[in-house]
Structure formats: C-alpha cells, structure tokens
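Asks:
Numbering (the working numbering), first residue to last: 33 to 180.
1. Under three-state DSSP, which class holds residue 114?
2. I need the straight-line Cα distance from residue 131 to residue 66, nearest angstrom please.
3. Sort 109, 38, 153, 45 by Cα distance to residue 63 and report the nearest one.
4. Under the assumption that residue 95 contacts residue 45 (Cβ atoms under 8 Å), give the Cβ distance between them as a whole number of angstroms.
5. How far does the beta strand (DSSP E) with residue 161 in it reach, from first residue to last?
6. Give the secondary structure of residue 171 by DSSP, where H, G and I count as helix, E and B as strand, and everything else as coil.
7. What is the residue span of the alpha helix (DSSP H) that residue 36 lies within?
8. I'd like to confirm the pairing. Which residues does DSSP put opposite residue 147 in its beta bridges?
9. Considering residue 74, what are the terminal residues of the beta strand (DSSP E) in which it resides?
10. Please state the DSSP three-state secondary structure of residue 141.
Spelled out as structure tokens, the structure:
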C-alpha cells in the first residue's frame with residue numbers, strides 16, 4: 033500500500049468510500065447519524081484536497097481508503113484528522129497498512145495525534161493495536177498519541 037495526494041478527479045470516489053466506511057459505524061457502537069462532520073460532502077473533501085490534506089490509500093492498483101492529515105512542521109507533529117477504509121475492504125489488514133504508510137510518509141514527524149468517539153469500539157481498539165496511547169478523554173472523545 034502507498035499514499036498519494038488526492039486529485040480533484042478522485043473526490044467522488046473518495047466520498048463514496050467515506051459514506052460506505054462510516055455507514056458501518058452503527059455496527060460498532062454508533063447510532064444512526066453518528067458520522068464525522070462532512071463525511072459525505074464532496075465540497076469539504078475537495079477543499080481538503082486543494083489544501084493538500086487529503087490522501088488516497090492505494091493497494092494493488094486500487095483505491096481502498098483515504099486520510100485527512102494535518103502536518104505541523106514547526107513542532108514535527110501530525111494530526112490525523114480522519115482515516116477510513118472502504119467497507120468492502122474491512123477486515124483485510126488495510127487499516128494497519130494505512131497507519132504505517134502515514135507514519136512512513138512523514139519521516140520527520142515525531143508525534144502523531146488523533147481522536148475518536150468513545151462509543152466506537154472498533155477505532156479505539158484499532159488505534160491501541162497500532163501503538164497509540166490514550167492521553168485524555170473529553171466531550172465524548174478519546175485522544176491518542178504516538179511518538180517516535
């Protein structure tokens with residue numbers, strides 16, 4: 033798997049994957065409507081692409097997911113705003129590969145940060161399995177961090 037910066041002609045496909053991926057959250061503790069902000073918005077994803085924050089995860093020549101990433105070069109940190117794997121590729125190891133790709137893509141980063149809803153048993157277990165440590169819980173979210 034590798035990461036590529038998303039291009040504008042990929043936005044519809046990325047949004048379709050996002051809708052499928054986050055649509056499964058009701059299976060892991062979420063209620064209908066417990067989706068990330070703008071998860072289904074082509075305009076928002078287009079803005080993230082134009083700003084250089086939207087990346088596509090590609091495996092075996094096909095797009096399997098995406099990530100929205102915010103690099104802070106000054107303090108050598110990366111905020112992982114969102115990652116998702118298309119639901120048709122769930123439980124095949126792509127999530128673990130995506131996290132590794134993100135970490136490898138930014139070799140100068142020393143601290144990776146992210147958050148996820150408390151209710152999401154899948155993502156909380158996944159981030160811990162990926163080596164992220166819980167640093168706080170606040171307003172219904174768990175905040176994680178991983179340092180190099």
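Where is the CB? At the ideal position from N, CA and C, for every residue including glycine.
Bear in mind that the values here come from a model prediction, so they are computed numbers and not experimental data.
Replies: Judging by the given coordinates:
1. Of the three classes helix, strand and coil, the one that applies to residue 114 here is strand, per DSSP.
2. In this structure, the alpha-carbon of residue 131 lies about 23 Å from that of residue 66.
3. Per the C-alpha coordinates, the member of 109, 38, 153, 45 positioned closest to residue 63 is 153.
4. Cβ atoms of residue 95 and residue 45 come within 8 Å of each other, at about 6 Å.
5. Per DSSP, residue 161 belongs to no beta strand (DSSP E); it is in the alpha helix (DSSP H), 153-161.
6. DSSP places residue 171 in coil when its eight states are reduced to three.
7. Segment 34-37 is the beta strand (DSSP E) holding residue 36; no alpha helix (DSSP H) there.
8. In DSSP, residue 147 forms a bridge with 175.
9. For residue 74, there is no enclosing beta strand (DSSP E); the residue is found in the alpha helix (DSSP H) stretching over 74-82.
10. Looking at residue 141 - three-state DSSP - the assignment turns out to be coil, as it is neither helix nor strand.
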